[in-house]
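This report concerns only the one structure given below.
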Amino acid sequence: MNLLTLSNLFPRPDEPLRGLYNLRLFGSLAKLARLKNLCPVFSWRVWRSGLIRSWRSPASDSPETEYIPVFHAPCLTRNANWLFLSASAERVISAWKPDLIYAAWLYPDGVAAFRVAQKMGLPCWLMALGSDVAHLESAWRGRLIIESCNQAQGVICVSGRLKDELADAGVRPRLLHVVANGVDTGLFRPRRRREAQEKLMSRGAWNAAIPAEPRMAIFAGNLVEVKRPLLALEAWRLLQERERKRGGAPVLLLFGRGHLEAEIRRHIRRMGLEKSVLVMGARPPDELGLWMNVADCLCLCSSSEGMPNVVLEALASGLPVVATSAGAVPEILKDSRAGTVVGEGRSEADIAERLAEAMEAYLARIGDAPLGERQAFWTRSWDDMARDIMALICGKGSR
């Protein structure tokens, strides 16, 4: 099968860590089909079009990928982005002659992919990842999404909650299929804490401000409003007040980039948390997998999620999670040993309390235990996910 994948969420030379989950999934799909990937790059800088077309994927293990420039004027063309993308993608798709188009992100990618597939008489599958369903709140974009989903061959949802949201919006339930995400189980797996710490030191990643025997929580994600890093900071301030009275000094590491970074640094100074909160920036997955084996807990405070990969990666590493009830989080954290779900609307004090409990329980249970005493709470790989998707595409999965 000649399979064409399309998603703007994919590593680019200017954003090498963008959409790493699609890099892994498409790479696994490429083992099962002849695959070509299209990555649209939205920009109003039309003079960069030639440069964008010349781009090559920054990932050495990337499937064949072509970057296509798509005109986009912020705040002006949002409702028409699918039209511009359709026009840009049709030329490439026509030349390659795929047997099927698979678009991962409902708008504008999914809508544009369906329109091109419809014009060319090709089957099309769409994939809902999470935040893309927010476009349903727009009457115009929501109608386009529902029409495209209802006329596509099927829609892959990474969680049951996403499936329910799309069904409630008007997508036919028989077209909706839940296929859970995978993780790179080679990078995210249980290790001894000391082994992971030594590897971080050997590669120069260990920050000198971190104690040699740390109690540690990590926050990993884009530093943007929907991830609510400022809520995590406020919860950490409350936890610090509690721990100081007990003589403890846990550390919070913030991993990620985003436009809130400067504001986060100001909050850290204002709260007097310079010694207990470190902004680490964006780090590659292999390094993050090591940090997950040094930390005592992962903190996720998002207001909206699909199936958050960072939670799956933590669970695959044997790291417990404290997370707000967003997206598939309640589905993932059914095992109380794997983590705690903090209900939406709960206060910073509730999050701080759950963080303290999780860190203490993990330290008591694990410490620096031998590898065999650790437990991975998620073992599903990207290859597993790709096989499930191909079974559906090829008509072997349940409908």
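Numbers given in the working numbering equal positions in the sequence shown, counted from 1, plus 1.
C-beta atoms are modelled at their ideal positions from N, C-alpha and C, and glycine is treated no differently.
Take the alpha-carbon of A339 and the one of L316: they are about 7 Å apart. A distance below 8 Å separates the beta carbons of A90 and P41.
Note that the C-beta distance between L320 and C298 is below 8 Å. Per DSSP, the continuous beta strand (DSSP E) segment holding G155 begins and ends at G155 to C158. Under a 10 Å Cβ-count criterion, E65 is classified as exposed, with fewer than 16 other Cβ atoms of the shown protein chains found around its own Cβ. For I394, the closest of A359, L130 and C125 by C-alpha to C-alpha distance is C125. Non-local beta-carbon contacts of L130 in its own chain, meaning distances under 7 Å to residues more than five positions away in sequence, involve A105, W106, V159 and G307 in chain order.
By the CB criterion at 8 Å, L313 and W379 fall inside the cutoff. Within the stretch 54 to 111, the runs of beta strand (DSSP E) at least 3 residues long that lie entirely inside it are, in chain order, 66 to 72 and 101 to 105. For P12 and R49, the gap between their C-alpha atoms comes out near 18 Å.
Beyond the five residues adjoining it in sequence on each side, S87 comes within less than 7 Å, by CB distance, of A113, R116 and V117 in the same chain, given in chain order. Close CB contacts of L145 within its chain, under the 8 Å cut and outside five residues either way in sequence, are with W83, Y108 and V112 (chain order). With a threshold of 16 other beta carbon atoms within 10 Å, L39 meets it and is buried. For the beta strand (DSSP E) assignment, the uninterrupted runs of no fewer than 3 residues enclosed by the stretch 298 to 380 are, from N- to C-terminal side, 298 to 301, 322 to 325 and 340 to 343. Taken atom to atom, the span from the alpha-carbon of R194 to that of H73 is near 46 Å.
By the neighbour-count definition (other C-beta atoms within 10 Å, threshold 16), V47 is an exposed residue. Sixteen is the threshold: when 16 or more other Cβ atoms of the shown chains lie within 10 Å of the Cβ of C150, as they do, the residue is buried. Taken through DSSP and simplified to helix, strand or coil, W237 comes out as helix. Between the stretch 226 to 238 and the stretch 258 to 273 there are three or more inter-stretch CB-CB distances shorter than 8 Å, so the stretches are counted as touching.
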